[in-house]
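Data first, discussion second: the structure below is written as structure tokens.
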Amino acid sequence: MGGPKALMRVGHEPWWVRQYARLGAMGLPSTWVISHVVHAAFEQERSPPPRLVTADSTAPMFASVLTGLRSLYSLPPEEREGVFLLPVDGPVPQRSVMELLADAGGVAAPAHRSARGHPIFFLWRWVDTMLAEISV
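Under my numbering, residues 8 to 143 are what the sequence shown spells out, in order.
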């Protein structure tokens with residue numbers, strides 16, 4: 008793509024702006040796990056997302072996921088009921104999809120013709136248990 012997907016321009020704005028607006032319209036707080044390049048671009052914005060976590064872009068993607076999940080321990084426990092994992096290049100689905108995934112509990116992902124997709128929902132209790140077992 009020639010650069011970070013979050014910064015790809017759609018119309019007159021970066022893609023992340025659309026993603027952030029859709030999450031905000033649903034009342035979903037977001038934590039953005041980003042590279043140093045994207046972080047530098049966000050610093051130039053008037054209203055970047057408030058929770059940014061910079062991860063090593065040379066590390067495997069799972070390392071970035073772990074970095075983002077571990078950063079959530081800084082939030083009060085009542086704000087850690089569950090987590091949606093959505094790559095920046097996937098559009099934010101409708102509220103009804105998010106609600107169905109959250110209501111499923113545990114770990115849930117949408118499926119189409121038996122192929123799983125995003126976002127993935129993780130009940131925080133599951134995340135907490137799994138992170139306690141991973142020492143990466």
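Here a beta-carbon is modelled for each residue, glycine too, at the ideal position from N, C-alpha and C.
As a beta-bridge residue in DSSP terms, residue 89 pairs with 130. If you draw a 10 Å sphere on the C-beta of residue 80, you find fewer than 16 other C-beta atoms in it, and that means exposed.
Within a 10 Å sphere around the beta-carbon of residue 17 sit fewer than 16 other beta-carbons, which makes this residue exposed.
Every alpha helix (DSSP H) stretch that sits fully inside the region 32–84 and reaches 4 residues is listed by chain position as 43–50 and 68–78. In this structure residue 115 is buried. Its beta-carbon is surrounded by 16 or more other beta-carbon atoms within 10 angstroms.
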